[in-house]
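> Basically the numbering used here = 1-based index in the sequence shown + 269. Ideal Cβ placement from N, Cα and C applies to all residues, glycine included.
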Amino acid sequence: MPASIPHPRRPGRRHPAPRRRAEPPAIGFVSLGCAKALVDSERILTRLKAEGYAIAPSYEGADLVVVNTCGFLLSARAESLEAIGEALAENGKVVVTGCLGAEPERIKEAYPEVLAVTGPHQTEAVLEAIHAHLPPPHAPFLELVPRQGLKLTPRHYAYLKVSEGCRNRCSFCIIPKLRGDLVSRPLTEVLDEAEALVAAGVKEILVISQDTSAYGLDRRYEPTVWRGRTLETRLLDLCRELGRLGVWVRLHYAYPYPHVDAVIPLMAEGTILPYLDIPFQHASPRILKAMRRPAAAERTLERIREWRRICPELAIRSTFIVGFPGETEADFEELLAFLEEARLDRVGCFTFEPVEGAAANALPDPVPEELKEERRARLMALQERISAERLAARVGRVEPVLVDGVDEEGRTIARSRLDAPEVDGRVILAAADPIPPGTLLDARITGSDAHDLFGEPSD
Ligand code: SF4
């Protein structure tokens, strides 16, 4: 489901209605895929707005539609192709970008009528294609662009992408092929963006990239000066400076490298949130090696124990792949034992999918689909118990929460510091009146289930 500008799927005019001369050309936008793709969409939209284009909320109000695709899993590719087909049927003028755009021949074969295809994070190429088919107005309305750029997330939280690409070569993944090697953004640029977000009212910054722990490595941790302070382009300095902005700062996609240990004290002292999103993917050393995972040789359980000693509140989120080629029952049992021991807070689990072009597809001993599903169900059942226990242990506490909105039943939905938006659980508040999104308040936790907490505003 596209996650950007609302674009109702109701049948519309196949081709846009003629516009009055004074109206700026309008772009419809469909954004698919992960938070990193969402940030690419925000960048393209910001540039379009700066050039004077209008952003259309529906297909029929658009002169041209951009579809930012995802190409990671087979299901995501199918969804992307479907979205392109829908945009063509509803509007007729379509430019495709994003991860699936790295394979233009696949898109052109399915839809020869698309106007142009560009790859991931190719903002300039997308703009060129748009200019060629829908020239920008003569007078750009630069003042219409907020300093923080256009955001597709609610006003109170925002993703901050610190690098592009990835220097790792996990055997099940084609991201480095699609997005290239690691390119870290300059630290001052990242901090300027973060500052602008906070000035615009953002209360929570979610730091993302393909491998956040690798931030700055390609720049050899180059020194720089920001606000009179000499800093190094590395994770620790990034976290410390973001922590000074006075908002929640949450780290996604880190790996258990030794240098990540250095940010845990920042979590313990409250500079950044006590939260780490680490995609471990497996626990059997044999499978991790076959997966070519970064930090596979690190003593992960020991490291988690030490992190929790320094920061007892630390919440860890992770994802795992079961049914990787060659995974035996013993490997899988090792993974379950790891989960019992690690007692992670939130876990997602996928069955191995042979993504076209991934090295892992050539590995022997594929696991039958039925067995993959069975393992996934066993893993999730175990984790559900662990997550429920960890949530139950918080009942009775008073915790700061950030209000995200109101659900269909009129209940106020908030989030604790230990939960990221969209992927983790919620704190469902019993409040007499709805509380505006973006409000920070203390809540007394009164109950829990396997996913969510229940609470009430605390006086
Ligand atoms: S760390 Fe591995 S899984 Fe993640 S993007 Fe890089 S290669 Fe892919």
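Would you say G707 and R519 are within 8 Å of each other, going by their C-beta atoms?
no
> Using three-state DSSP, classify V383 as helix, strand or coil.
coil
> Report yes if the C-beta of R438 is less than 7 Å from at least one heavy atom of the ligand SF4; otherwise report no.
yes
> So, is S344 buried or exposed, given that buried needs 16 or more other C-beta atoms within 10 angstroms?
By the 10 Å Cβ count, S344 comes out exposed.
> With A719 as the anchor, note down where its alpha helix (DSSP H) starts and where it stops.
That residue, A719, is in no alpha helix (DSSP H); it is neither H nor E in DSSP.
> Going along the chain, which residues of its own chain have a beta-carbon closer than 8 Å to the beta-carbon of T493, five neighbours each way excluded?
Sequence-distant partners of T493 (beyond 5 residues in either direction) whose C-beta falls short of 8 Å from its own C-beta, in its chain, are P455, L456, T457, T499, L500, E501, T502.
> Could you tell me if the beta carbon of C618 falls within a distance shorter than 7 Å of some heavy atom in the ligand SF4?
No, Cβ of C618 sits at least 7 Å from all heavy atoms of the ligand SF4.
> Less than 6 Å between C-beta atoms, sequence neighbours within five positions excluded: which residues of the same chain meet that for F593?
I556, F621
> If you draw a straight line from the C-alpha of L369 to the C-alpha of F341, how long is it?
Looking at the two C-alpha atoms, the distance is approximately 8 Å.
> May I ask you to check if the CB of C508 is nearer than 7 Å to at least one heavy atom of the ligand SF4?
no
> Verify the contact flag: C368, CB atom, against every heavy atom of the ligand SF4, threshold strictly below 7 Å.
no
> Are there any heavy atoms of the ligand SF4 lying less than 7 Å away from the beta-carbon of D480, as far as the coordinates show?
yes
> Considering only DSSP beta bridges, list what W495 is partnered with.
R498
> With a 10 Å radius around its C-beta and 16 neighbouring C-beta atoms as the bar for buried, classify D728 as buried or exposed.
The residue is exposed, with fewer than 16 neighbouring Cβ atoms inside 10 Å.
> Count the other C-beta atoms from every protein chain shown that fall within 10 angstroms of the C-beta of R489, then say buried if there are 16 or more, exposed otherwise.
With fewer than 16 other Cβ atoms within 10 Å, it is exposed.
> Taking the alpha helix (DSSP H) that G354 belongs to, which residues open and close that run?
343–359
> Look at the alpha carbon of R570 and the alpha carbon of R647, and state the distance between them as a whole number of angstroms.
Residue identity differs from the one stated: residue 570 is Leu in this sequence, not Arg. Looking at the two C-alpha atoms, the distance is approximately 21 Å.
> With DSSP collapsed to three states, give me the class of V516.
coil
> Please go through the same chain and pick out, in chain order, the residues whose beta-carbon is closer than 7 Å to the beta-carbon of V516, but skip the five residues on each side of it.
V467, V471, K472, E473, I474
> Over what stretch of residues does the alpha helix (DSSP H) that includes L396 continue unbroken?
392–402
> Can you name the start and end residues of the beta strand (DSSP E) that L660 belongs to?
Where L660 is concerned, there is no enclosing beta strand (DSSP E), although the alpha helix (DSSP H) it sits in stretches over 638–661.
> Would P381 and D332 qualify as a contact pair, given that the criterion is a beta-carbon distance under 8 Å?
no
> Note down, in chain order, each residue of its chain lying with its Cβ closer than 6 Å to the Cβ of A325, except the 5 sequence neighbours on either side.
A295, G297, A331
> Count the other C-beta atoms from every protein chain shown that fall within 10 angstroms of the C-beta of I579, then say buried if there are 16 or more, exposed otherwise.
exposed
> State buried or exposed for E320, treating a residue as buried only when at least 16 other CB atoms are found within 10 Å of its CB.
buried
> When burial is assigned at 16 or more other CB atoms within 10 Å of the CB, is A631 buried or exposed?
exposed
> Between the alpha carbons of A352 and P373, how many angstroms are there, rounded?
Near 15 Å, if we compare the C-alpha coordinates of P373 and A352.
> Kindly confirm or deny that the segment 431–446 and the segment 704–722 touch, where touching means at least three C-beta pairs closer than 8 Å.
no
> Can you name the start and end residues of the alpha helix (DSSP H) that R615 belongs to?
Counting along the chain, no alpha helix (DSSP H) covers R615; the unbroken beta strand (DSSP E) around it starts and ends at 615–620.
> Run through DSSP, which three-state label would D728 get?
coil
> Can you give me the Cβ contacts of I547 inside the same chain, cut-off strictly under 7 Å, excluding the 5 residues immediately before and after it?
A523, Y524, P525, I585, S587
> Just to confirm the assignment: which complete alpha helix (DSSP H) runs, minimum length 4, are found wholly within the segment 534–621?
554–560, 569–579, 598–611
> Nearest CA to the CA of A427: which residue from D309, E658, I704, G617?
D309
> Determine, using beta carbons only, whether H528 and T481 come nearer to each other than 8 Å.
Against a cut-off of 8 Å, the Cβ pair of T481 and H528 comes out as no contact.
> Just to check my reading of the structure: V672 and A683 have Cβ atoms closer than 8 Å, yes? What is that Cβ distance to the nearest angstrom?
5 Å
> Whole angstroms is fine: what's the gap from K377's alpha carbon to V675's?
Our two residues, K377 and V675, have alpha carbons roughly 42 Å apart in a direct line.
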